[in-house]
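So for the sequence shown, the UniProt record's numbering puts the first residue at 1; every next one is plus one. To start, the structure itself, in structure tokens.
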Amino acid sequence: MSPHGTPIPHWESCSPHGTPLFPSPFRAPCPTLIPSPRVPLPPLVGIWPFGMDLMGQRSGANRRAHRTDEFEYDELIVRRGQPFDIRLQLRQPYDPELHRVCLELLIGPTPQVSKATHILVPVGAPLPGLGWSAEVTDSTDDSLSLRVSTAPTAVIGKYRFSVKTRSPAGEYQMPFDPRNEIYILFNPWCREDAVYLPHDDWLEEYVLNESGRIYYGTESQIGERTWNYGQFDKGILDACLYILDRRGMPHSGRGDPINVSRVVSAMVNSLDDNGVLVGNWTGDYSRGTNPSAWVGSVDILRQYHRTGYPVLYGQCWVFAGVVTILRCFGIATRTVTNYNSAHDTDVSLTMDIYFDENMKPLERLNADSVWNFHVWNDCWMTRPDLPSGYDGWQVVDATPQETSSGIFCCGPCSVEAIKNGLVYLKYDAPFIFAEVNSDNVYWQRQADGTYKIVYVEEKAIGHLISTKAVGSHERHDVTDIYKHPEGSEAERQAVETAARHGTKAHIYKNKEWGEDVSLSVETSEAITGQDVSIQVALSNRGSSSRSVSLSLHLAPMFYTGVTGSIFKQESRQVEIPPGGAQSVRMVVSYPEYQPHLVDQAALMLSISGKVAQTGQVLAKQHSFRLRTPDLTLTVLGPAVVGKETQVQVVFKNPLPQTLTGAVFHMEGSGVSSPKATNIGSPGFQHRPTPPQPLDPTILPELGREPRSSGFHHPPCSNH
């Protein structure tokens, strides 16, 4: 064969002894040519394809059958383990008796047959045990139609596709043509694929849905925001594959969803490897974009792919929103929010809170924290690396909190393993278990300098674990798949099983703490700008009166559980009759808290106390969030496909001062690009120009932050 794909004479394809030189799988014997002037040789009949039609049109049968017709690509995109059709253009009819045809697919810079990155598929001869095959479905004088089946374990990514032929006239290979490249993805519809998901409605939601809901706030004040995943938008598939390339992930490992999801969890944050997003929890976003301003993944991924530099900035819900690029690869993925989410820094599997002799918090020792909320992802796959029973949903978390094997990544980790406290199963089970089911352990410094457990709060962590419901915009509570009912014997057994593998395994051996006085906290539903009312309720289950001394400290709090300086504190003495209850009320005015607010407008109330008669120590931390008004969207007139539609967006300022520099962010499926609109005055009009007809049902959702949305800081400032 010449470098330009021209046919090679037949005698060059055989050794002088007639041994075939064409590589496996071509094993047809080469005829020995014996020239003779008396016996003329028969004419040589070759097969030299000059064109290939991969039938990759978006509206074509291949793309529709593989559920890839939503991708804004013109190339063929298929899912592994499922056949597709192609057609070869020939200069002469195909003769199965004389002609051998082999499809060749290569992926990566150094493809090798031994690593399943160089695939040779002979037409009509399936490869035993490999799952690849190609069969003739039709043949004409100038074309050959083939049905190609890929292995359900095939490496995912972008393949170079060519054809080799062999005939009595010689060997031939079509030159590689960029127009003949093919994308192969995971296939959750294929039973043999490791990501197979046997629920059609789940597949529609977790693979094909381009938008979703991400929950935030606090357990008592749940907020939600719409997020545009945009996995089918133009250029996004290449951007996702670029992320794997930037990590240097070997192509041979890209057929395993465990490996792929773990690499994605590492690469979505910028630590270690200059990944997609820089995390920022400082409150200063002047060099980039406020995390609250993002409304989707598309702009982030395009910017990273275009520049190669990490995008500024992200926080947990942004990292989780971007991890849904796994939907682009074909792995069922959803965002999950955990309220009162623990961050264990010492693998104790407990949240350790230290106080001095007077029950004042010792901040230098309190490295553990409880986030108001934390967002990660569930991905669906089998786990052949674990014992039986741990397939299904796996936690993958890209927010850089703690390292895993020296890298800032987390997961995949079986949700079933977390539920039962099996923290020795990989990956990163101890950290994830602590997030959803650890106990708050309160330690008090004694006179001799040692620390004693004075109270264990068993139901403080992992509440209202939430994701978007399948087929609707409602919140679906999935707490029951992460943990047994709170306080049940099975739940306590899971906690103690996990703790035995932690750094403070002795905690549950000798339970010396007890109580007959309990406390709870309630906060009013407060809008930013209003006064806040906090009520602490004390209950006495004992048979005699109890005298309680209480200390209340209020401080601003980032949603990560990190607190600022205390700005308000009160002390109270409370008498509680036998079997009775009393309450203490604290009121915080807007001028008191306004100068101290940080992102998410959250506050932390720390309560400590002591019962005079018994020496019982009371301790509790309660976080809450000041809400902001919802955005109200009204479609002004009929929404018609392909026509301009006006939408009125209303935001009510609840503060006793003017807001300036407001920005509305909009992103959605079918919109040409994400948009940020500066609002110079009320009553603006903005007209998005779609690149193709829009589903009118999408229009009311564009840029929406339903129910409980926050200010976009810092674009809004007050004077």
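Glycine included, C-beta positions come from ideal geometry on N, C-alpha and C.
On the CB-based measure, 16 or more other CB atoms within 10 Å of its CB, does K164 come out buried or exposed?
buried
Relative to the C-alpha of S414, which candidate in L237, T382 and T335 has its C-alpha closest?
T382
Cut-off 8 Å between Cβ atoms - residues of its own chain near D531, not counting five sequence neighbours on either side
Cβ neighbours of D531 beyond the five flanking positions: V587, V588, S589 and Y590.
Could you give the C-beta distance for residue 720 and D233, rounded to a whole number, given that I count them as a contact under 8 Å?
Since the first and last residues shown for the chain are 1 and 719, residue 720 lies out of range.
Burial state of Q173 (16 or more Cβ within 10 Å):
buried
Could you pull the start and end residues of the alpha helix (DSSP H) that D382 belongs to?
Inspection of the sequence shows that residue 382 is occupied by Thr rather than by Asp. Annotation: T382 is outside any alpha helix (DSSP H) and is labelled neither H nor E by DSSP.
Are the CB atoms of P152 and A332 within a distance shorter than 9 Å?
A332 places its beta carbon 9 Å or farther from that of P152.
Determine the DSSP secondary structure at I300, reduced to helix, strand or coil.
The answer is helix: DSSP assigns I300 an H, G or I state.
Return helix, strand or coil for K115, following the three-state DSSP convention.
Helix at K115.
Selection from R247, G212, R254 and T467 that minimises the alpha carbon distance to N269:
R247
Simplified DSSP assignment, three categories, for P257:
helix
contact_flag[the stretch 219-238, the stretch 619-639] where n(CB pairs < 8 Å) is 3 or more:
Contact between the stretch 219-238 and the stretch 619-639 is present: three or more C-beta pairs spanning the two stretches fall below 8 Å.
How is T560 classed by DSSP in three states: helix, strand or coil?
coil
In the DSSP output, which residue or residues are listed as bridge partners for R63?
Answer is none; R63 lacks a bridge partner.
With respect to the alpha helix (DSSP H) encompassing Y593, which residues constitute its N-terminal and C-terminal limits?
Y590 to Y593
Can D49 and Q89 be called in contact, C-beta distance under 9 Å?
Just to set this straight, residue 49 is Pro in the shown sequence, not Asp. For P49 and Q89, yes; Cβs fall inside 9 Å.
Can you list, in chain order, the residues of its chain whose CB lies under 6 Å from that of D391, leaving out five sequence neighbours each side?
So the list reads T382 and R383, once near-sequence residues are dropped.
Run of the beta strand (DSSP E) containing A342, from where it starts to where it stops
Annotation for A342: the continuous beta strand (DSSP E) segment containing it runs T333 to H343.
Cβ-Cβ distance between D85 and T137 below 9 Å
Contact: yes.
Taking all protein chains shown into account, decide if H506 is buried (16 or more other Cβ within 10 angstroms of its Cβ) or exposed.
exposed
Helix, strand or coil: how does DSSP classify R160 here?
Note: R160 maps to strand in three-state DSSP.
Extent of the continuous beta strand (DSSP E) run through S224:
The displayed chain sequence assigns Glu, not Ser, to residue 224. Counting along the chain, the beta strand (DSSP E) containing E224 begins and ends at Q221 to N228.
Beta-carbon within less than 6 Å of I407's beta-carbon, same chain only, minus the 5 sequence neighbours each way: which residues are those?
A266 and D272
Cα separation between Y559 and D599?
8 Å
State the beta-bridge partners of P361 as determined by DSSP.
In the DSSP assignment, the residues bridged to P361 are F355.
Whether or not the stretch 248-260 and the stretch 153-160 are in contact is what I'm after, with contact meaning three or more pairs of Cβ atoms, one per stretch, closer than 8 Å; do they touch?
Touching, yes, given that three or more Cβ pairs across the two stretches are closer than 8 Å.
Inter-residue Cα distance where the pair is S524 and A469
One Cα belongs to S524, the other to A469, and the distance between them is close to 28 Å.
Roughly how many angstroms lie between the CA atoms of Q616 and L312, to the nearest whole one?
Approximately 48 Å, taken between the alpha carbons.
Given R541, which residues of its chain have a CB within under 6 Å of its CB, disregarding the five upstream and five downstream residues?
D516.
L130 versus R80, W281 and R306, residue with shortest Cα-Cα distance:
Of the candidates R80, W281 and R306, the residue whose Cα lies closest to the Cα of L130 is R80.
Leaving out the 5 sequence neighbours to the left and right, which residues in its chain are closer than 7 Å to G580 when beta-carbon positions are compared?
N540
Per DSSP, cross-strand counterpart(s) of R147:
D85 and E135
From the DSSP output, read off the bridge partner residues of F373.
DSSP output for F373 lists Y339 as bridge partner(s).
Contact check, W376 vs A320, beta carbons under 9 Å:
Taking a C-beta distance under 9 Å as the contact criterion, W376 and A320 qualify as a contact pair.
Could you please give the first and the last residue of the uninterrupted beta strand (DSSP E) stretch that includes F664?
V663 to M666
In the DSSP assignment, the alpha helix (DSSP H) including A498 goes from what residue to what residue?
E489 to A499
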